[in-house]
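Enquirer: If you want our numbering, it's the 1-based position in the sequence shown plus 397.
Quick one: structure below, then a few questions.
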Amino acid sequence: MNGADKSVSRTQDVWMKNEVVIGLVMVAVLTVIMLTLGLPLVLTILIDAAVFTIVTLSLNLEVGHTGISQFGRVLAVIAGAFVVGAVPGRVLAFLNGLPYGVSYADDAVNYKVVPAISDLLASSLPLSVGFLLFSFVLAAVAGAVVGWLTSRPAIRLKEAYLGISLLAFGDFFMWVGHNWEPLVGGTTAVFVPDPFRVVWGSRFQVIVIVAVIMAFLVYLYLEKLTRSPFGRTLHMVRDCDVAAAVCGKDIVSIRTQSLMIGSALAAVGGALYVIYAGTCTAIGFTRLTWTFWPWAYMMLGGIG
């Protein structure tokens, strides 16, 4: 890299840092204003915006930076939502002698067990924080695993064939959750324990703060990632996979890694959404809401 290239690179880095700082300040000011107003509708919009920001950024990593035809974004979101709806509550139920097996997802049992777990969380801030972190980590792991699994049969496909395969995977898992009651209650859904009950008087405000912080952490992480050597490799694969293969890059491995990272982040978004909503129902995770809307947001904001 010659002196001119280094100068351009440094200038780009400075502009990126300035953009990040300005964006952080603007969002922080807007969030403070909205929190001060305390209007439920405004707070709901902020939470939804943060969740969809996470999901859209994860989609942009795969589509904009790697060139993957990702039309199954709903699949990773479902993975995070289903895991949080099915596992953490059962763990606490087991530890406290409450029903935790197949009956946990039965609506006649679930609506009694989950409030009891939420009351337990409300009695301890460390327990609530631990439950929240455990849920997010579990969701990220589930998302990464799902990303890897779906990449095995699909990643070698091209363009439309890959997109349709991922779209089919997403619908398949949604209908599995909708028809298999022990997972997340089937058609009746399950309640999700509320780790924010410990700050009940300011629940909405705290969720907004957590959601906005998480969205910005994801943004900063992806900015750093896509400007790293790995990010430049993603761009090489996106622009010309043949040239990347000639340069010795493992195209399948690179795309798989991109799918795993993007799916893990999207799963965290799904986990955050069901924790905020307090319930997890499979039919609520449709391709329209969790694939096509993020695509629209990504195109409006700029792909790549």
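Every residue gets a Cβ at the ideal spot worked out from N, C-alpha and C, and that includes glycine.
Between which two residues does the alpha helix (DSSP H) containing residue 602 stretch?
Expert: Residue numbering aside, residue 602 sits at position 205 when the sequence shown is read from its first letter. From DSSP, the alpha helix (DSSP H) with residue 602 extends over 600-623.
Enquirer: Whole angstroms are fine: how far does the CA of residue 445 sit from the CA of residue 532?
Expert: Your numbering for residue 532 matches position 135 in the sequence shown. Your numbering for residue 445 matches position 48 in the sequence shown. Rounded to the nearest angstrom, the two C-alpha atoms are 19 Å apart.
Enquirer: The alpha helix (DSSP H) spanning residue 462 covers which residue range?
Expert: Taking the sequence shown and counting its residues from 1, the one referred to as residue 462 is at position 65. No alpha helix (DSSP H) holds residue 462; DSSP gives it neither H nor E.
Enquirer: Just curious, the alpha helix (DSSP H) that residue 507 is in, first and last residue?
Expert: Within the sequence shown, the letter at position 110 stands for residue 507. From DSSP, the alpha helix (DSSP H) with residue 507 extends over 504-519.
Enquirer: Contact defined as beta carbons within less than 8 Å: I believe residue 484 pairs with residue 495. What is the distance between those atoms, to the nearest angstrom?
Expert: Numbered from its first residue, the sequence shown carries residue 484 at position 87. Numbered from its first residue, the sequence shown carries residue 495 at position 98. Wrong, their Cβ atoms sit about 14 Å apart, outside the cutoff.
Enquirer: How would you label residue 688, buried or exposed, when you count the other beta carbons within 10 angstroms and need 16 or more for buried?
Expert: Your numbering for residue 688 matches position 291 in the sequence shown. Classification for residue 688: buried.
Enquirer: If the criterion is Cβ atoms closer than 8 Å, does the pair residue 497 and residue 490 meet it?
Expert: For the purposes of this step, residue 497 is taken as the residue at position 100 of the sequence shown. For the purposes of this step, residue 490 is taken as the residue at position 93 of the sequence shown. Taking 8 Å as the Cβ cut-off, residue 497 and residue 490 qualify as a contacting pair.
Enquirer: Thinking C-alpha only, which one of 638, 449, 527, 469 is nearest residue 593?
Expert: For the purposes of this step, residue 593 is identified with residue 196 of the sequence shown, where counting begins at 1. The option with the nearest alpha carbon to residue 593 is 527.
Enquirer: Let me check one thing: in DSSP terms, what residues is residue 644 bridge-paired to?
Expert: In the sequence shown, the residue the question calls residue 644 occupies position 247. Looking at the DSSP assignment, residue 644 forms no beta bridge with any residue, so it has no partner.
Enquirer: Just the Cα atoms here: how many angstroms apart are residue 681 and residue 477?
Expert: Counted from its first residue, the sequence shown places residue 681 at position 284. Counted from its first residue, the sequence shown places residue 477 at position 80. Cα to Cα, residue 681 sits roughly 13 Å from residue 477.
Enquirer: How do the segment 571-582 and the segment 633-647 stand: do at least 3 beta-carbon pairs fall below 8 Å, yes or no?
Expert: Output reads no: the segment 633-647 does not touch the segment 571-582.
Enquirer: If distances are taken between C-alpha atoms only, which option among 529, 500, 458 comes closest to residue 617?
Expert: Taking the sequence shown and counting its residues from 1, one reaches residue 617 at position 220. Here the closest residue by C-alpha is 458.
Enquirer: Would a C-beta distance cut-off of 8 Å place residue 452 and residue 698 closer than the cut-off?
Expert: Counting from one through the sequence shown, the residue named residue 452 turns up at place 55. Counting from one through the sequence shown, the residue named residue 698 turns up at place 301. No, the Cβ-Cβ distance between residue 452 and residue 698 is not below 8 Å.
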